[in-house]
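Participant: Sending over a structure as structure tokens; questions will come in a sec.
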Amino acid sequence: MSFLSSFDICASGMSAQRIRMDIAAENVANVDTTRTASGGAYRRKDVVLESYSTGSFQEALQNASRGKGFTSQNKGVRVAAIVEDTREMKRVYNPEHPDADEDGYVTMPNVDLLKETVDSMSATRSYEANVTALNAMKAMVQKALEIGR
1132 MSFLSSFDIC ASGMSAQRIR MDIAAENVAN VDTTRTASGG AYRRKDVVLE
1182 SYSTGSFQEA LQNASRGKGF TSQNKGVRVA AIVEDTREMK RVYNPEHPDA
1232 DEDGYVTMPN VDLLKETVDS MSATRSYEAN VTALNAMKAM VQKALEIGR
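Laid out in structure tokens, this is it:
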């Protein structure tokens, strides 16, 4: 595995985790949004990540078992899609609310603050792990350059 592709892999991971954090922040910001431009209450969004490589996992495993390591085909992770959560929306009785239906119920977003907090913490830890790996590779490159002196 070349050092440059290692940096690309870490960078793709950090970028994906940043997008996860952005979506979690958007979800939290819209926890009480009962009216959107598309109509209805805000629907929670989620990020779908996928491996970004031109080779299969089996090829990578075979190369690793033969001592070839990873090839330049392995590029990291990318955001495949940002999807809306299909879980049922919450209905809250509040006849005073301007968006209440004829029975006095308001359809609230399906955003759970606890889940968003956990997602944010997970994305933060994953981002930090990528930064740690990037710094370790940077240190290895620096040591390799020192050996060449």
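Heads up, our numbering is the position in the sequence shown plus 1131, with the first residue counted as 1.
For glycine and all other residues, C-beta sits at the position ideal for the given N, C-alpha and C.
Remember, it's a predicted structure, so these values are computed and weren't measured experimentally.
(1) Would you list the one or two residues that DSSP bridges to Val-1208?
(2) Assess contact between the stretch 1216–1232 and the stretch 1144–1154, defined as three or more Cβ pairs (one per stretch) separated by less than 8 angstroms. Is contact present?
(3) So, with DSSP's three-state summary, where would you put Thr-1217?
(4) Nearest-angstrom Cα distance between Asn-1266 and Asp-1234?
(5) Hey, out of Ala-1156, Thr-1165 and Arg-1197, whose CA is closest to Glu-1247's CA?
(6) Is Thr-1165 near Thr-1238, with beta carbons less than 8 angstroms apart?
(7) Can you grab the Cα-Cα spacing for the pair Ile-1213 / Asp-1177, in whole Å?
(8) Is Tyr-1258 helix, strand or coil by DSSP?
(9) Report the CB separation of Asn-1241 from Arg-1175 in whole angstroms; it is logged as a contact under 8 angstroms.
(10) Distance, Cα to Cα, Lys-1274 vs Ala-1160?
(11) Helix, strand or coil for Thr-1238, going by three-state DSSP, please let me know.
(12) Between Ser-1203 and Val-1272, what straight-line distance do the alpha-carbon atoms span, to the nearest angstrom?
(13) Judging by CA-CA distance, which residue of Asp-1153, Lys-1269, Ala-1254 and Ala-1168 is the nearest neighbour of Ser-1137?
(14) Going by the DSSP bridge assignment, what does Asp-1177 pair with across the sheet?
Facilitator: Short version:
(1) For the purposes of this step, residue 1208 is identified with residue 77 of the sequence shown, where counting begins at 1. Answer is Ser-1182, bridged to Val-1208.
(2) no
(3) Your numbering for residue 1217 matches position 86 in the sequence shown. Looking at Thr-1217 - three-state DSSP - the assignment turns out to be coil, as it is neither helix nor strand.
(4) Position 135 of the sequence shown, counting from 1, holds the residue named residue 1266. Position 103 of the sequence shown, counting from 1, holds the residue named residue 1234. If you take the alpha carbons of Asn-1266 and Asp-1234, they lie about 58 angstroms apart.
(5) As a working mapping, residue 1247 is identified with position 116 in the sequence shown. That would be Ala-1156, whose Cα lies nearest to the Cα of Glu-1247.
(6) Here residue 1165 refers to the residue found at position 34 of the sequence shown. Here residue 1238 refers to the residue found at position 107 of the sequence shown. Cβ atoms of Thr-1165 and Thr-1238: closer than 8 angstroms.
(7) Here residue 1213 is taken as the residue at index 82 of the sequence shown, counted from 1. Here residue 1177 is taken as the residue at index 46 of the sequence shown, counted from 1. Answer to the nearest angstrom: the Cα atoms are 6 angstroms apart.
(8) Numbered from 1 along the sequence shown, position 127 holds the residue referred to as residue 1258. If DSSP states are grouped into helix, strand and coil, Tyr-1258 belongs with the helices.
(9) Working through the sequence shown from its first residue, we reach residue 1241 at position 110. Working through the sequence shown from its first residue, we reach residue 1175 at position 44. 5 angstroms between Cβ atoms; contact.
(10) Counted from its first residue, the sequence shown places residue 1274 at position 143. Counted from its first residue, the sequence shown places residue 1160 at position 29. Those two C-alpha atoms are separated by around 45 angstroms.
(11) The residue labelled residue 1238 in the question sits at position 107 within the sequence shown. Looking at Thr-1238 - three-state DSSP - the assignment turns out to be strand.
(12) Taking the sequence shown and counting its residues from 1, one reaches residue 1203 at position 72. Taking the sequence shown and counting its residues from 1, one reaches residue 1272 at position 141. Here Ser-1203 scores only 48 on pLDDT, less than 50, and its place in the model should not be relied on; the value that follows carries that caveat. Computed Cα separation, rounded: 18 angstroms.
(13) Taking the sequence shown and counting its residues from 1, the one referred to as residue 1137 is at position 6. The residue with the shortest Cα to Cα distance from Ser-1137 is Lys-1269.
(14) As a working note, residue 1177 is residue 46 in the sequence shown. Per DSSP, Val-1214.
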